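Written out below as structure tokens is the structure these notes cover.
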Amino acid sequence: MIIILKPATATAMQAKLVSQFGADHEIFTHNNRIAIQGLRPEALPADVQAASESILTAVPAAVQSSRLFHPEDTIIKTPHSVIGGNQFVMMAGPCSVESAEHVDQMAAVAKQGGATIVRGGAFKPRTSPYSFQGLGETGLQYLRTAADKHGLDMITEVMDDEHVAMVAKYTDIFQIGARNMQNFSLLKAVGQTQIPVALKRGMSATIDDVLNAAEYIAAGGNHQIMLLERGIRTFDNKYTRNTFDLGAVPVLQSLTHYPVIVDPSHAVGTWELVTPMAMAGVAAGASGMIVEIHDQPTQALSDGPQALKPATYLKMAQQAFQLHDLMQTWA
Ligand code: PEP
Ligand code: MN
27 MIIILKPATA TAMQAKLVSQ FGADHEIFTH NNRIAIQGLR PEALPADVQA ASESILTAVP
87 AAVQSSRLFH PEDTIIKTPH SVIGGNQFVM MAGPCSVESA EHVDQMAAVA KQGGATIVRG
147 GAFKPRTSPY SFQGLGETGL QYLRTAADKH GLDMITEVMD DEHVAMVAKY TDIFQIGARN
207 MQNFSLLKAV GQTQIPVALK RGMSATIDDV LNAAEYIAAG GNHQIMLLER GIRTFDNKYT
267 RNTFDLGAVP VLQSLTHYPV IVDPSHAVGT WELVTPMAMA GVAAGASGMI VEIHDQPTQA
327 LSDGPQALKP ATYLKMAQQA FQLHDLMQTW A
């Protein structure tokens, strides 16, 4: 149940409800709203009922993530970026951190294209245990150095709750990979930090699964969450690695206040398809994109086939910002 209180007495009523029901029920407050888990409206004191504008009983399980509880867009601020709302943020970099020199070069390219965040995996969730697994903490150091040198924020995947404290020493944004979207220990661990989290949609996750996964992070007290649509598994992956669920962008934006970011690279898996689907992501209204780049894709240690070469990336990024700017004039 979410109670929207009349502003004049909201604070007093919230305090009363917390003291009366807080021991037995989960309670969350936001501005003049209060969400109480597992309480029936009939149990509310008469003065609270009189002090409310409306009482919502059809409330999703992921209550803190819902627009019903938090109508305004969440805007996340990192040292070099504003993520959410009508801003458009570009995140680019190699799939994996491969070497100090390489990630430095890719950070320079990312920045040239207007990115304010450089990506790179140091802990890689590979399908085969014999594939490159990432450089580990050394990779985090290389990515941090490159980000700082070019005045960028960094985003990198954390795969294990036991690594959260270590990755936190380096990163501005945690990435939770698709394969870990429902790793609840990991979600709880990043929820205990105040570092922004980019939660990737699991490959067979429904919209409600995504929202409940985000709720695990919020339940720990970390509300700096962004959601990444990176394609889902459907019946046909012959021509695209995944099915890019563009409808998820406006659907998520209607249900939740968290920024929605698109990842066309993992969605399509082939570099030739990245630019058109990146543009489609912008057109769908995403607050940003994350894209993989590599100067020598055939030599890449992971995800080479989907990497944009620098010149292709620069052109795509320019077009993406132009389209986003154009769309702002329509509002
Ligand atoms: C990645 O970003 O390189 C990655 C492994 O993505 P996902 O978790 O979406 O597959
Ligand atoms: Mn990748």
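The opening position of the sequence shown corresponds to residue 27 in this note's numbering, with each subsequent residue numbered one higher.
The beta carbon of each residue, even a glycine, is placed where N, CA and C say it ideally should be.
For clarity, every value in this text was computed on a predicted model and none was experimentally measured.
Q: Mind listing which residues have their beta carbon within less than 5 angstroms of any non-hydrogen atom of the ligand MN? Chain order is fine.
A: This selection yields C121, D329.
query: Which residue's Cα is closest to the Cα of I62: E79, Q40, A118, A72?
result: For this step, residue 62 is matched to residue 36 along the sequence shown. Among E79, Q40, A118, A72, the Cα nearest to that of I62 belongs to Q40.
task: Measure the C-alpha to C-alpha separation of A312 and P71 and round it to an integer number of angstroms.
output: Along the sequence shown, read from residue 1 onward, the residue named residue 312 stands at position 286. Along the sequence shown, read from residue 1 onward, the residue named residue 71 stands at position 45. Cα to Cα, the separation comes out at about 42 angstroms.
Would you mind giving the Cβ-Cβ distance between D321 and Q131, rounded to the nearest angstrom? I have them listed as a contact below 8 angstroms.
-> Within the sequence shown, numbered from 1, the residue matching residue 321 stands at position 295. Within the sequence shown, numbered from 1, the residue matching residue 131 stands at position 105. Between Q131 and D321 the Cβ distance is about 7 angstroms, and since that is below 8 angstroms, they are a contact.
- Using the C-alpha atoms, what's the distance from G217 back to R256? By one-based count along the sequence shown, residue 256 stands at place 230. By one-based count along the sequence shown, residue 217 stands at place 191. Across the structure, R256 and G217 are spaced so that their CA atoms are roughly 22 angstroms apart.
### Task
May I have the straight-line CA-CA distance separating M229 from D289, to the nearest angstrom?
Translated into positions along the sequence shown, residue 229 becomes position 203. Translated into positions along the sequence shown, residue 289 becomes position 263. Roughly 13 angstroms separates the two Cα atoms.
- Query: Helix, strand or coil for H56 per DSSP?
  - Reply: In the sequence shown, counting from the first residue as 1, residue 56 sits at position 30. When secondary structure is reduced to three states using DSSP, H56 falls in the strand class.
Original post:
Taking buried to mean at least 16 other C-beta atoms within 10 Å of its own C-beta, is D198 buried or exposed?
Top reply: By 1-based counting over the sequence shown, the position of residue 198 is 172. By the neighbour-count criterion, in which 16 or more other beta carbons inside 10 Å mark a residue as buried, D198 falls on the buried side.
Tell me whether P151 counts as near the ligand PEP, meaning its Cβ is closer than 7 angstroms to at least one heavy atom of that ligand.
Along the sequence shown, read from residue 1 onward, the residue named residue 151 stands at position 125. True, at least one ligand heavy atom lies under 7 angstroms from that Cβ.
Exercise for the section: Classify P302 as buried or exposed, calling it buried when 16 or more other Cβ atoms lie within 10 Å of its own Cβ. Expected result: Position 276 of the sequence shown holds residue 302. Exposed: under 16 other Cβ atoms inside 10 Å.
message = For K195 and P67, what's the separation of their Cα atoms in angstroms?
response = Residue 195 sits at position 169 when you count from the first residue of the sequence shown. Residue 67 sits at position 41 when you count from the first residue of the sequence shown. Distance between the alpha carbons of K195 and P67: 45 angstroms.
*asked:* Taking 7 angstroms as the cut-off, is the C-beta of E124 nearer than that to any heavy atom in the ligand PEP?
replied: The residue given as residue 124 occupies position 98 in the sequence shown. Look at E124: its beta carbon is at least 7 angstroms from all of the heavy atoms in the ligand PEP.
Q) Based on the DSSP secondary-structure assignment, which residues constitute the bridge partners of V115? A) Taking the first residue of the sequence shown as 1, we reach residue 115 at position 89. According to DSSP, V115 bridges with G314.
Query - Entirely enclosed beta strand (DSSP E) segments - the region 140 to 165, minimum 3 residues - result: Fully enclosed beta strand (DSSP E) runs of 3 or longer: 143 to 145.
* Asked: What do you reckon, is the C-beta of D50 under 7 angstroms from a heavy atom of the ligand PEP?
  -> Walking along the sequence shown from the start, residue 50 turns up at place 24. For the ligand PEP, not one heavy atom lies less than 7 angstroms from the Cβ of D50.
Please go through the same chain and pick out, in chain order, the residues whose beta-carbon is closer than 8 angstroms to the beta-carbon of G177, but skip the five residues on each side of it.
Position 151 of the sequence shown, counted from the start, is the residue given in the question as residue 177. Apart from sequence neighbours up to five positions away, the residues of its chain that approach G177 with a beta-carbon distance below 8 angstroms are H106, K137, ordered along the chain.
**Prompt:** Roughly how many whole angstroms lie between the Cα atoms of Q415 and Q208?
**Reply:** Shown here, the chain extends from 27 to 357; a query on residue 415 therefore has no answer.
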